[in-house]
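Q:
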């Protein structure tokens with residue numbers, strides 16, 4: 001079975017500061033990992049994904065994430081927060097054995113001017 | 114642009130009055146999903162179709178039904194909405210392989226009065 005844990009339901013950072021959103025996964029088979037962003041009253045938008053190959057993946061809006069198998073982690077980072085980054089962020093895992101996606105409970109990011 | 118479109122964006126229904134939410138896609142994806150998302154929570158999968166094959170989550174109430182008349186369209190029917198069914202309903206699609214991400218519509222916000 002697969003699952004995702006997002007540590008920290010709320011994260012606040014100052015504008016221009018580093019953003020770090022944590023995601024740990026559990027999977028009995030090689031996972032595919034995703035980060036999504038959700039703005040108020042909108043659907044989820046894909047930020048980035050890890051499938052195979054390079055463990056550091058870059059996404060839209062300056063975000064990146066690193067897949068660390070030994071730590072079962074896929075943390076999302078951005079060097080410098082912008083006010084427009086304020087949103088809800090979801091980590092998700094899927095595998096090659098089905099069409100199921102398992103979401104974490106989300107992290108609400110607040111950016112302080 | 115290829116996309117997932119949900120109509121309407123906002124739906125108000127009365128307690129017990131059947132309601133149908135619609136979703137269409139121009140991505141030609143095999144899989145279509147319906148998620149329920151309540152405030153500050155992760156999306157919860159209700160069911161999905163792989164082509165015409167219907168897959169119901171074990172804990173999805175019988176009050177929720179779905180139809181997929183063709184590749185492009187999928188409907189969510191709530192037979193007798195209760196106050197607890199007020200939520201954002203998200204439609205998503207994928208190509209149906211594990212490394213293919215979900216593509217979400219903008220959701221339908223359902224209010225039950």
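Protein chains in written order, with the numbering used here: chain B, 1 to 113; chain G, 114 to 226.
The C-beta atom is built at its ideal place from N, Cα and C for all residues, glycine as well.
Could you tell me the distance, in whole angstroms, from the CA atom of residue 128 (chain G) to the CA atom of residue 206 (chain G)?
A: Cα to Cα, the separation comes out at about 29 Å.
Q: Determine the extent of the beta strand (DSSP E) in which residue 215 (chain G) is found, giving its start and end residues.
A: It is not in any beta strand (DSSP E) - residue 215 (chain G) carries neither H nor E in the DSSP assignment.
Q: Hey, quick one: how far does the beta strand (DSSP E) through residue 222 (chain G) stretch, first residue to last?
A: Unbroken beta strand (DSSP E) run through residue 222 (chain G): 221 to 225.
Q: Taking Cβ positions, are residue 39 (chain B) and residue 31 (chain B) nearer each other than 8 Å?
A: Going by C-beta atoms, residue 39 (chain B) is not nearer than 8 Å to residue 31 (chain B).
Q: For residue 116 (chain G), which three-state DSSP category applies?
A: It is coil, neither helix nor strand.
Q: Check for me: the beta strand (DSSP E) holding residue 191 (chain G) runs from which residue to which?
A: Per DSSP, residue 191 (chain G) belongs to the beta strand (DSSP E) from 186 to 191.
Q: Please state whether DSSP places residue 61 (chain B) in a helix, a strand or coil.
A: In the structure shown, residue 61 (chain B) sits in a helix (DSSP, three-state: H, G or I).
Q: Which residue wins for smallest C-alpha separation from residue 201 (chain G), given the options G:195, G:124, G:116?
A: Minimum Cα distance to residue 201 (chain G) is reached at G:124.
Q: Of all the alpha helix (DSSP H) runs that stay within the bounds of the segment 134 to 167 of chain G, which reach a length of 4 or more residues?
A: Listed in chain order, nothing qualifies, since the segment 134 to 167 of chain G has no complete alpha helix (DSSP H) run of 4 or more residues.
Q: Residues in its own chain within less than 8 Å of residue 17 (chain B) by CB, not counting five upstream and five downstream?
A: Hits under 8 Å: 80, 81.
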